[in-house]
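Line by line, the protein sequences are chains A and B.
Okay, so the first sequence: first residue is 929 according to our numbering, each after it adds one.
Okay, so the second sequence: first residue is 929 according to our numbering, each after it adds one.
Built from N, CA and C at the ideal position, the CB exists for glycine as well.
Report on the following structure.
Number of protein chains: 2
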Amino acid sequence: MKKELLDEYIIAPNPDGVELTKTVEGLDHQGNSVRSQVIEEKPLTIYLNSQEIVTAMTIGDYPEYLAVGFLKNQGMLDSLNPVISVDYDDDLAVVVVRTESETSFEEKLKKKTRTSGCAVGTVFGDMMEGLEGLKLPTSPLRISWLYDLSSKINRTPSLYLAAGAIHGTVLCQENKALVYMEDVGRHNAVDKIAGWMDSHNVSGSDKILYTTGRLTSEMVIKTAQMGIPILVSRSGFTAWGAEIAVKVNLTLIGRMRGQRFTCLSGSDRLIWDVDSENGDDK
Amino acid sequence: MKKELLDEYIIAPNPDGVELTKTVEGLDHQGNSVRSQVIEEKPLTIYLNSQEIVTAMTIGDYPEYLAVGFLKNQGMLDSLNPVISVDYDDDLAVVVVRTESETSFEEKLKKKTRTSGCAVGTVFGDMMEGLEGLKLPTSPLRISWLYDLSSKINRTPSLYLAAGAIHGTVLCQENKALVYMEDVGRHNAVDKIAGWMDSHNVSGSDKILYTTGRLTSEMVIKTAQMGIPILVSRSGFTAWGAEIAVKVNLTLIGRMRGQRFTCLSGSDRLIWDVDSENGDDK
């Protein structure tokens, strides 16, 4: 069954990847020595052409997807100026993303930094801007797909099951889990999905994004920017996350456990094809 | 019992705080309409003197502690140039932290941004610098304190129990939980603790920091910089977090559930005063 489960994925987690976890010596609660499997966390510096953009902490798999997805999700890439190469240097822990012509981002970054001090606020403001006029497609969501996906994803061998302390994000289509990325930060996992989509020209319009992380404003904004109309999590909501989802008509489903969930936005996409009989307690 | 539990805290969570959560209308898994309590998440802009530093996303309680703690943990405040005022403007969602003289940070920020593009990498590099020569005190940690704290913290009424999607951090001393902060980001919760400590001149040397979040490098670095020798979490580790803990001799305890835990660093502080008999399965 595990084998069949994995066959469905284009990219599945790799819990046995030697460079993704590390065995560390420690003590247990009785003072006995234990060997504990822990997640790797390494710096990766992302360049856009000649401009150093950020150093992200990551488990280290799919650095090219992470770089492209990060830049894409920060609004630093656009379709008029396509990516022509992505070079990863393992020794230097550097990825250089090159576009056809130099971007305007170097100049923009200097100007913005002068006015608002630090990239965090700036980037966030930019992300909100990108949502104006965004229309997400009216693609349907069968409840049976949700239950299938949730069950499959929870049974998929992952770094989370092996070592914990990690977030997962899965790109899905109907009841199929396609690309399952994990990383120390939930944003990296989403960015790797975005990078994969961008690199393979995959549209978000008929996709579902599943995340283990919380449904915060930033997660909702990223999903919408990736053109994905449906975001699902086993975790909970923030108020602003729910508000933005309503604004852009994204279907937002949280607290997904077994056959239970809460939908706080975009319930018009739902198709109730499952006869639920387990709703008597909360 | 709940009442007694709360009496111990100097600051306890406030799950009934009207501005911290919001009730949102949605649907449950059967298509019935439900009212769901979700966490608030609002932008707060932090200024250091006349320099805008960052816009953080926060639940919105204790903005002054968050601002001071954030600046402190980023190495932007030092003891030679004390904070003289902290002003919070509710309408503008702005906190201004003023120091005796202007800091060198404005100039520094400009210079660093030119070389490394974005504050994320820079700030991280600075944080590592601050650890050179740091010596954490050899204060003891009784296992019985750990079990007491874990049980108390888990039973304390909190936003987490009310609405989920939030991280908690608790400053403890021996078996007493003193200050319990929550926020949408685990870093905000720790920063609010740091701000409280700084504002009340509280030393970290005899304290224990408990967090619901993962034990990543940044969390270990922050704890060490706050002068706290012991960091405990119910969640797991990253490899770099464990490595840095060893380097600065911080006691790092993770996967704390009931009477079980794993200690990956600084076990010389542990005093085994509990006769554990429940260690037969893993």
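Proximity of residue i and residue j at Cβ, strictly below 8 Å
i, j, result
"Ile-1158/B", "Ile-1172/B", "no"
"Leu-933/B", "Asn-942/B", "no"
"Thr-1097/A", "Ile-1121/A", "yes"
"Ile-1156/A", "Gly-1132/A", "yes"
"Gly-997/A", "Asp-1119/A", "yes"
"Ile-1084/A", "Glu-969/B", "The sequence shown places Thr at residue 1084/A, not Ile. Going by C-beta atoms, Thr-1084/A is not nearer than 8 Å to Glu-969/B."
"Ser-1161/B", "Gly-1141/B", "yes"
"Val-1176/B", "Ala-1152/B", "yes"
"Met-1154/A", "Met-1109/A", "no"
"Leu-994/A", "Leu-976/A", "no"
"Val-1014/A", "Glu-992/A", "yes"
"Asp-989/A", "Gly-945/A", "yes"
"Ser-1079/A", "Leu-955/B", "no"
8 Å contact criterion, which residue i and residue j should meet: CB distance rounded
i, j, result
"Val-1022/A", "Ala-1170/B", "About 25 Å; that fails the 8 Å criterion."
"Val-1107/B", "Ile-939/B", "5 Å"
"His-957/A", "Arg-1114/B", "Contact doesn't hold; Cβ gap of about 24 Å is too wide."
"Leu-1020/A", "Val-1011/A", "Contact flag wrong, Cβ pair sits at about 20 Å."
"Ile-974/A", "Val-962/A", "That pair is no contact at about 36 Å."
"Cys-1191/A", "Tyr-1138/A", "That pair is no contact at about 14 Å."
"Ser-1163/A", "Gly-1092/B", "7 Å"
"Ile-987/A", "Leu-1059/A", "Not quite, the Cβ-Cβ distance comes to about 29 Å (not below 8 Å), so this is no contact."
"Leu-1069/B", "Leu-1198/B", "6 Å"
Simplified DSSP assignment, three categories, for residue i
i, result
"His-1095/B", "strand"
"Asp-1111/B", "strand"
"Arg-1197/A", "helix"
"Val-1051/A", "Here Val-1051/A scores only 46 on pLDDT, less than 50, and its place in the model is too uncertain to base an answer on."
"Ser-1013/B", "strand"
"Val-1130/A", "coil"
"Val-1118/A", "helix"
"Ser-978/A", "coil"
"Val-1174/A", "helix"
"Ile-967/B", "strand"
"Gln-1187/A", "coil"
"Thr-983/B", "strand"
"Thr-1151/A", "helix"
"Val-996/A", "helix"
"Gly-1169/A", "helix"
"Ala-1105/A", "strand"
"Glu-1030/B", "coil"
"Gly-1123/B", "helix"
"Arg-1162/B", "coil"
"Ser-961/B", "strand"
"Lys-1038/B", "Caution applies to Lys-1038/B, whose pLDDT of 49 falls short of 50 and renders its modelled position unreliable; the model cannot decide the point."
"Glu-953/B", "strand"
"Arg-1070/A", "strand"
"Leu-1077/B", "helix"
"Lys-990/B", "The sequence given here places Tyr at residue 990/B; Lys does not occur at that position. Correct three-state label for Tyr-990/B: coil."
"Tyr-1138/B", "strand"
"Leu-1143/A", "strand"
"Leu-1180/A", "strand"
"Leu-1192/B", "strand"
Environment of residue i [buried if 16+ CB atoms lie within 10 Å]
i, result
"Leu-1087/B", "buried"
"Trp-1200/A", "exposed"
"Ser-1029/A", "exposed"
"Glu-936/A", "exposed"
"Asn-1009/A", "exposed"
"Pro-1065/A", "exposed"
"Ser-964/B", "buried"
"Ser-978/A", "exposed"
"Ser-1145/B", "buried"
"Asp-950/B", "Here residue 950/B turns out to be Lys, not Asp, going by the sequence shown. The residue is buried, with at least 16 neighbouring Cβ atoms inside 10 Å."
"Gln-1002/B", "buried"
"Asn-1129/A", "exposed"
"Asn-1116/B", "buried"
"Val-1024/B", "buried"
Worksheet item: With contact counted as at least three CB pairs below 8 Å, one residue from each stretch, are the region 1179-1195 of chain A and the region 1070-1086 of chain A in contact?
Response: yes
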